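In what follows, a structure is listed as structure tokens, so that the remarks can point back to it.
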Amino acid sequence: MPLIPAKALPHFENMIYLPMLLTILERDRQTIEKGPFKLKGPYLKMIENALVRVQSELSETSMYLRRHNMKVIRSKMDDTFTEYIFMNGGYEDHRRYLNVRLRNRTEELLQFYISVAGNKPNHSGLNK
502 MPLIPAKALP HFENMIYLPM LLTILERDRQ TIEKGPFKLK GPYLKMIENA LVRVQSELSE
562 TSMYLRRHNM KVIRSKMDDT FTEYIFMNGG YEDHRRYLNV RLRNRTEELL QFYISVAGNK
622 PNHSGLNK
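For the record, in the sequence shown the residue sitting at position 57 is 558 according to this note's numbering, with numbers rising by one throughout.
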């Protein structure tokens, strides 16, 4: 029997990736605010929409883990791997993630959240 139920694994991994996404989106927002963009509004709105969605999903994930007495702890880190400890029901599951994989998956998720944020309904009348 696995230490981590299959249905809980996505929640554990959300606790790895979603905080990374928040950091990236916050930095990008600051870069756009300070950058030489002529029309900052659309970019800031898209990032803001993505931030809201990521924060919402992170909140849901945190509540799920709390309700099920689960926890994620970042443990060891080197140039190649980052180790996370998934705690569930008194058991610890140590998992090592390739840093390249973490970066690539974070980039995939960033593309997803930005595209979803960019596809919010446009109320300017241009989509009629």
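Just so it is clear, CB atoms sit at the ideal spot from N, CA and C, and this is done for glycine as well.
Quick caveat: nothing in here was measured; it's all calculated off a predicted structure.
- It is roughly 30 Å from the alpha-carbon of ARG596 to the alpha-carbon of VAL617.
- Per DSSP, the beta bridge partners of ILE574 are ILE586.
- DSSP places HIS569 in the coil class of the three-state scheme, outside both helix and strand.
- In the displayed model, ASP580 falls within coil according to three-state DSSP, outside both helix and strand.
- For LEU603, the enclosing alpha helix (DSSP H) has its first and last residue at 600 to 619.
- Excluding the 5 residues flanking it on each side, LEU519 has same chain C-beta neighbours closer than 7 Å at VAL555, GLU558, LEU559, THR562, in chain order.
- In this structure, ILE548 places its C-beta atom within 9 Å of the C-beta atom of ILE615.
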